[in-house]
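Asker:
Number of protein chains: 2
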Amino acid sequence: MRNKSTRLSDVEALEKILRSDDALDPEIASHLQELAARLPLRELISLVERCNSVRAALILRLLPRHRSIAVFDALDFGQQADLIDELGNSEVFEFFDSLEPEDRVALLDELPAEIADRLLKSLKKPARDVTGVVLGYEKGSVGRRMSPEVPDIYPEMTAREALRQLRATARDLETIYTLPVVRTDRRLVGVLSFRELFQAPDDKPLGELMKEAVYTYASADAEETARWFLPLDILAIPVVDDSRRLVGLLTWDDATDIVEEADSEDTARSGGTEALNQPYMSTPLFKLVRLRIVWLLVLAVSALLTVQVLSVFEDTLAAAVVLSLFIPLLTGTGGNTGNQAATTVTRALALGDVRTKDLWAVLWRELRVGMLLGAALGALGLLLASLVFDLHLGIVIGATLFLVCSMSATVGGIMPLVAKKVGADPAVFSNPFISTFCDATGLIIYFFIAKAVLGI
Amino acid sequence: MRNKSTRLSDVEALEKILRSDDALDPEIASHLQELAARLPLRELISLVERCNSVRAALILRLLPRHRSIAVFDALDFGQQADLIDELGNSEVFEFFDSLEPEDRVALLDELPAEIADRLLKSLKKPARDVTGVVLGYEKGSVGRRMSPEVPDIYPEMTAREALRQLRATARDLETIYTLPVVRTDRRLVGVLSFRELFQAPDDKPLGELMKEAVYTYASADAEETARWFLPLDILAIPVVDDSRRLVGLLTWDDATDIVEEADSEDTARSGGTEALNQPYMSTPLFKLVRLRIVWLLVLAVSALLTVQVLSVFEDTLAAAVVLSLFIPLLTGTGGNTGNQAATTVTRALALGDVRTKDLWAVLWRELRVGMLLGAALGALGLLLASLVFDLHLGIVIGATLFLVCSMSATVGGIMPLVAKKVGADPAVFSNPFISTFCDATGLIIYFFIAKAVLGI
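Chains A and B supply the protein sequences, listed in that same order. In terms of full-length UniProt numbering, the first sequence has 398 at position 398, counting the first letter as 1, and numbering is strictly consecutive. In terms of full-length UniProt numbering, the second sequence has 112 at position 112, counting the first letter as 1, and numbering is strictly consecutive.
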C-alpha cells in the first residue's frame, strides 16, 4: 500500500539478516533496529508473522515498546502463545497487560495452565477482575469474546450530557460508536449510534433518540452472532445476561476475528487437517505433522473398508480384469460429486443459510441435482466405454456413474446436517469422510451392476 | 437473540403461508403483512434469504418501505439480482437508489448489461455520477468497492471547526469514524480517528492531531487490502490515486463483504464447484447443476488418465489380482495427504501468510512433512499387509505409501503457489485437481514397485 520499491528493499535486508544463523553482533543489531524502526507497521507485522518464535522475539525486542506492543497485539493467538516462551517475563507481562480483556482470554486459552495462571496473576487488580469476567463464560460463547467495558448511558440523559460524559470516559472504553442505553438496574432499554447522538439537538433526552436494541445473550454461540454483523451492518452488538442486564459489547473486530477463525477451521477440516491458528511460515514442522497425522490415520484405517469390499469381489475382478481399470475413475467421480454437495451445504450451514431442520428439503434438492449430474456423466461414460471397449461395459460404466452421482450428491448434502444434528463438526464430514464413504458404496454398486450385466 | 419461543411461531406461521402454493387471498395477505411487521429485522432477513425469488418479492412488497429497503440492502448481491426480475420498476429503482454507491456497483456486476444500464439511468444525476466513479475502476480492485463519499477535512482546521463541519455533513457520508485529512489539492497528508478528534482540545489544529496515514491505492487488490483490517484493527482505510490524491474510503463493512465472498469462493473451489453468491435455499436448482457440471466433467475427463495408466499395467493386474484391492486405499491416501497440504497452503496464501516467492521454502517444508507422514503410514501398511497377506505385498504397500505421501504433500504444497504464479486461482488447484494428479502418479509408483518386488 506504500511505495513498494523503497520499502521492499528494507524488508529484504531485514529478512536476510534474520535468516543468517550467526549470533547478532552489536553493529548488525543496531542496523536491524534502525531498519525495523523505519518499516511501516503493516510490513513489520507481515515480517514477524513469517518468522519462527526465536526470530520474532528478537525483532520485538529491538523495537520501541509502543511499536512492539502494536505488533504483538496484531498477531494470531497461536503465535502469541509461541512467543511467550521466548520473551522475558517483564516483556510478556507488559504485552499481556496491553491487550483487551477478551484478547487476553483468547491468548490464555492457547497456553498451558500454569503459564496462563502466572500471566493472570501478573495483572493489576482492576485488569484482573475485568479479565475474570470474560474468563467466566464458556468457550465458544459470546461472553468469552465480548468486551466487558461499557459506557454508563441512561435514557434520562440529554444528548449534551451523554457527549460530555463520553468525552471524559472514552479512554477506558473499547468503542464509543455503539452506545447501549440502560436503566439504573443495568437492564438494556435501547441502543444509540454515536453518529445519531452527535447530530442530535443538545437538549434531546436519549430516551427519545435511542432505537430498539438488537442484542445477544452472553451464552449465545459466538460464531452465529458474529455472522450477523455483515447483513445488519453493525459495529457492535450489546451483550446481556439472562435477565437482560447489560454485561458487555461484542465489537466488530472481535466478530471478524471469530469469523476468520471459524472459516480457517472449516477450511482446514474439509481438507482433512486441523487449523494452524498461526501463520504457516511461523508454524513449527512437527506441529504441521501432528495436525495432519491423526486425520490421515483415521482416513487410512477407514479406507481399509474399500480393501474389504474389493476382496469380496475378488473373483469378479479375476474374471474381468478390465473392471479394475475404472476403479479410480468411479470412486474419484463419486468423491467429487459428494464433495461438491458437502462443501456447498457446509458453507451454507456456516453462514446460517441452511439449518438442521432443512434436512429433508436439502435431501430432495441434492437428490435431483445428483440425478441430473449423474445423467450427464453417465451418458458420457456409456458413450466412451462403448466406443473404446464394448456396449456391455458401456452400460455398466454409465449406470454406475448415474447411481454413484445420485447417491454421492444426496449423502454429501445431508451429511453436514446430520453431523450438526448429532453435535459433530459439519466440516469434518465434508470432504475426506464423504470420499471414503462414497468409495466403498460406489464399489459395491459397481460390482453388483457388473455382475448383473456381464453375467459373471 | 430475541425471545425465541414467541418469535419462532411467527416465523413458522409465515413460512407455512409462504410454502403453500395457493394464490394469496386478501385475508391471508393482511395476516402475512401483520406477521412480517412484527418480526425483528434479523429474522425477516433470515426468512427472505430462505425463499425463492417469487416469495421473497412477495414479502418485500408486504413490508413498509423503510423495512423492505433495509431487508433488500442486507441480501447477497446474487439474490438481489434474482429479485430484480420479480419486482416492479418503481420498487427496483427505489431499492437501487437506497444502496451505497459501491453496493450499487456490486449489484450491477451481477446483472445482464441492459438491465444494469436501465438501473443506472434511473438514478438522479449526483447519485449516477458518484456510482460512475466506482464503476470506473476494475473488478477486483479497491476502487470498485470503496465509498467515494469522503469528508473535507484539512490540517489547518481546529478540532472544533472539524466537529462542527462533520455534524453538518455527516448525513452524506458513509462513515465519520475514520477521517482522512487532505491538503487543498486533495493529497492525503494524514488520518484522524473520530475518537481522537472528539477528545481533543477545541482549538487544537488537525495538523497536530492527525497521524501518519495507512492508505491504499484504488488500483490495489481488494481482497489483499481487506485482509489487513483485522490485524490493523481499523474501521476504514483511505484510498488514493497514483498521485496520492484522496478518492475514497474502503470501510470495514465492505472489507468484510470482500473477505466473505473470497472465502466462499475459495471454499467452493476447493470442493470442486463454484460459489453460489446467494443463500443455498434461495438458489434455483438448475443454477446448482450449472455451477457443478463443468468441474465434474473436467475432473472426470482428467480421471481418464487413471484408466490409461491402469490399462498399461493390465497384465500386471491380471497376474496379481490382489494388487487391485489396494487401489482405492492408495489413491485415497495420496489424495488426502495432497489435500491436507494444498488446503493449508491455499488458506495461508489467502490470508497473506505465504507468498509466491516462498515456493522453495514451502517445498522443503512439505517434503519433510510428507516423508514423516509417509514413514508413519508406510510402517502401518507394511505391518498390516504382511500380517493379512504376505511380506512381499507388505513391502509393496509400505513403500508405496511412503513415496505417495512424500510426493503428494510436496505437490499439494507447491501447486497453489505455482497456480498463483501463473495467474490461476490457487483454490482451483487445491483438492480435486491434486486428487486426480496424485491418483495417476500414485498408481504408476505402485505398479513399478509391485513389478520390482513381486517380480511380475
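Glycine is no exception: its CB is placed at the ideal position from the N, C-alpha and C atoms.
(1) At a CB-CB cut-off below 9 angstroms, which residues of chain A make contact with F326/B?
(2) Which chain A residues are close to F198/B, counting only those with a beta carbon under 9 angstroms from its beta carbon?
(3) Since L75/A and E34/A are thought to touch, with beta carbons under 8 angstroms apart, how far apart are those beta carbons, to the nearest angstrom?
(4) List the residues that DSSP assigns as beta-bridge partners of D221/A.
(5) When we look at the beta-carbon of A424/B and count the other beta-carbons within 10 Å, is it buried (16 or more) or exposed?
(6) Cα separation between T169/A and M210/A?
(7) Would you tell me roughly how many angstroms separate the C-alpha atoms of Q199/B and P180/B, rounded to the nearest one?
(8) Where in the region 198 to 264 of chain B do unbroken runs of the alpha helix (DSSP H), each at least 4 residues long, occur, reported from the N-terminal end onward?
(9) Who are the neighbours of A376/B on chain A, taking C-beta pairs under 9 angstroms?
(10) Strictly below 7 angstroms CB to CB, what residues from chain B border T158/A?
(11) If you compare alpha carbons, which of V189/A, L383/A, A162/A, S435/A is closest to G272/A?
(12) Threshold first: 4 residues or longer. Then list the alpha helix (DSSP H) segments lying entirely within the region 55 to 135 of chain A, N to C.
(13) Please list, in chain order, the chain A residues whose beta carbon lies closer than 9 angstroms to that of D257/B.
(14) May I ask you to report which of helix, strand or coil DSSP gives P180/A?
(15) Kindly list, in the order they appear in chain B, the residues whose Cβ is closer than 9 angstroms to that of Y137/A.
(16) Work out the CA separation of A113/B and L62/A for me, nearest whole Å.
(17) Count the other CB atoms, across all protein chains shown, that sit within 10 Å of the CB of A162/B; report buried if there are 16 or more and exposed otherwise.
(18) Pick out whichever of D254/B, K204/B, L246/B has its Cα sitting closest to the Cα of W228/B.
(19) The alpha helix (DSSP H) that contains L299/A, what's its start and end?
(20) Any Cβ of chain A within less than 8 angstroms of the Cβ of T410/B?
(21) Helix, strand or coil for T273/A, going by three-state DSSP, please let me know.
(22) What whole-angstrom Cβ distance do T356/A and K421/A have, given they're in contact under 8 angstroms?
(23) Between F433/B and the rest of its own chain, which residues show a CB-CB distance below 8 angstroms, the 5 nearest in sequence each way excluded?
(24) Just to check my reading of the structure: Y215/B and F194/B have Cβ atoms closer than 8 angstroms, yes? What is that Cβ distance to the nearest angstrom?
(25) Grouping DSSP H, G and I as helix and E and B as strand, with all else coil, what is V191/B?
(26) Since I believe G413/A is in contact with L363/A (beta carbons under 8 angstroms), could you give me their beta-carbon distance rounded to a whole number of angstroms?
(27) Write down the C-beta distance between I456/B and A319/B rounded to the nearest angstrom, noting that I regard them as a contact closer than 8 angstroms.
(28) Which same chain residues, not among the five before or five after D358/A, have their C-beta less than 8 angstroms away from its C-beta?
(29) Just mark L391/B as buried or exposed, buried being the case when its beta carbon has 16 or more other beta carbons within 10 Å.
(30) If the cut is a Cβ gap below 8 angstroms, which residues of chain B does R365/A touch?
(31) If we count the other Cβ atoms within 10 Å of its Cβ and call it buried at 16 or more, is D263/B buried or exposed?
(32) Under DSSP, the alpha helix (DSSP H) around A399/A begins and ends at which residues?
(33) Identify the continuous alpha helix (DSSP H) that holds F437/B and give its terminal residues.
(34) Alpha carbon to alpha carbon, how far is L325/A from L291/B?
(35) What did DSSP end up calling T158/B once you bin it into helix, strand or coil?
(36) Does chain A have any CB closer than 8 angstroms to the CB of P279/B?
Answerer: With the structure as the only source:
(1) T306, V307, L310
(2) L163, L166, R167, A170, I176, F194, F198
(3) At roughly 23 angstroms, the Cβ-Cβ gap does not stay under 8 angstroms, so L75/A and E34/A are not in contact.
(4) S141/A
(5) exposed
(6) 20 angstroms
(7) 17 angstroms
(8) 206 to 209, 222 to 226, 229 to 232
(9) V289, I293, L296, L297
(10) Neighbours of T158/A on chain B: none; closest Cβ ~16 angstroms, over 7 angstroms.
(11) S435/A
(12) 65 to 74, 77 to 84, 89 to 98, 101 to 108, 113 to 122, 125 to 135
(13) L230
(14) strand
(15) Within 9 angstroms Cβ-Cβ: nothing; Y137/A doesn't reach chain B, min ~16 angstroms.
(16) 56 angstroms
(17) buried
(18) D254/B
(19) 285 to 312
(20) no
(21) coil
(22) 5 angstroms
(23) L299, S302, M415
(24) Their Cβ separation, rounded to whole angstroms, is 17 angstroms, which puts Y215/B and F194/B out of contact at 8 angstroms.
(25) strand
(26) 7 angstroms
(27) 5 angstroms
(28) L417
(29) exposed
(30) L285, L288
(31) buried
(32) 391 to 421
(33) 431 to 454
(34) 29 angstroms
(35) strand
(36) yes
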